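Below is one structure, written out as structure tokens, with a few remarks after it.
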Amino acid sequence: EADIYQTPRYLVIGTGKKITLECSQTMGHDKMYWYQQDPGMELHLIHYSYGVNSTEKGDLSSESTVSRIRTEHFPLTLESARPSHTSQYLCASSEKTGIPSEAFFGQGTRLTVV
Amino acid sequence: DQQVKQNSPSLSVQEGRISILNCDYTNSMFDYFLWYKKYPAEGPTFLISISSIKDKNEDGRFTVFLNKSAKHLSLHIVPSQPGDSAVYFCAANFQGGSEKLVFGKGTKLTVNP
Numbered sequence: 043e044a045d046i047y048q049t050p051r052y053l054v055i056g057t058g059k060k061i062t063l064e065c066s067q068t069m070g071h072d073k074m075y076w077y078q079q080d081p082g083m084e085l086h087l088i089h090y091s092y093g094v095n096s097t098e099k100g101d102l103s104s105e106s107t108v109s110r111i112r113t114e115h116f117p118l119t120l121e122s123a124r125p126s127h128t129s130q131y132l133c134a135s136s137e138k139t140g141i142p143s144e145a146f147f148g149q150g151t152r153l154t155v156v
Numbered sequence: 074d075q076q077v078k079q080n081s082p083s084l085s086v087q088e089g090r091i092s093i094l095n096c097d098y099t100n101s102m103f104d105y106f107l108w109y110k111k112y113p114a115e116g117p118t119f120l121i122s123i124s125s126i127k128d129k130n131e132d133g134r135f136t137v138f139l140n141k142s143a144k145h146l147s148l149h150i151v152p153s154q155p156g157d158s159a160v161y162f163c164a165a166n167f168q169g170g171s172e173k174l175v176f177g178k179g180t181k182l183t184v185n186p
């Protein structure tokens, strides 16, 4: 069983608020990712990190930002939430083995901006 | 431009029968393919993977087949069980790339008792 946790599971927040979605993993994985998924659609990579102090933008443009100060922690921040940010946000991690490997996902955060 | 395509949004099968979920890809550089299972309001769970050097990988009731020439893979579940009802995502990546997973849109499998 994967040890990767996301909080909160559900969040309803007003437009203009600043929010931070938390993601932590206890597997010591170097690689971490944030995906965004709308119902019936594919998962889109919005951010990834290969280790501490490493962050990159993903394939889908996002107004969110991330940080990687500690190996186990990869929070995502929205400075000013808008209804267009309503979506499910999924955090994942994988080992830095040099070969492709499976990613382990957290349970996700369902964000609704009203 | 979708690089990983799952053209069937849904599939319904009877318990005990075979479920076959299909996936096509366009990027010939992909060399590692994965299947994930996702329940509503949960994160995806890794199911099975296959490297491009193989054409088949089996794990219990789950078998993935890869046809590189057709850029096609499929997931077979035999026998199907009601607990298999979920959305199944096909994903791909490649060594030497950023190792980011590219996902399809998923196929919702319903196994009827």
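Chains as they are written, first to last, in this note's numbering: chain W, 43 to 156; chain F, 74 to 186.
Backbone N, C-alpha and C fix where the C-beta goes; we use that ideal spot for every residue, glycine too.
Bear in mind that the values here come from a model prediction, so they are computed numbers and not experimental data.
Taking 9 Å as the CB threshold, residue 147/W lines the interface with chain F.
Counting the other CB atoms within 10 Å of its CB gives residue 102/W a total below 16, which places it among the exposed residues. Judged by DSSP in its simplified three-state form, residue 101/F adopts coil rather than helix or strand. Here the alpha carbon of residue 134/F sits roughly 10 Å from the alpha carbon of residue 148/F. Listed by position along chain F, the residues whose Cβ is nearer than 8 Å to that of residue 114/W form an empty set, because the closest Cβ is around 17 Å away.
A straight line joining the alpha-carbon of residue 174/F with that of residue 86/W spans about 9 Å. When Cβ-Cβ separations below 9 Å define contact, residue 88/F makes no contact with chain W. From the beta-carbon of residue 133/F, no residue of chain W is found nearer than 9 Å; the closest lies around 16 Å away. Each of 71/W, 91/W and 122/W was checked against the Cα of residue 108/W, and the nearest Cα belongs to 91/W. Under the DSSP assignment, residue 152/W falls in the beta strand (DSSP E) whose first and last residues are 151-155. Distance from the CA of residue 98/F to the CA of residue 146/W, rounded to the nearest whole angstrom, comes to 22 Å.
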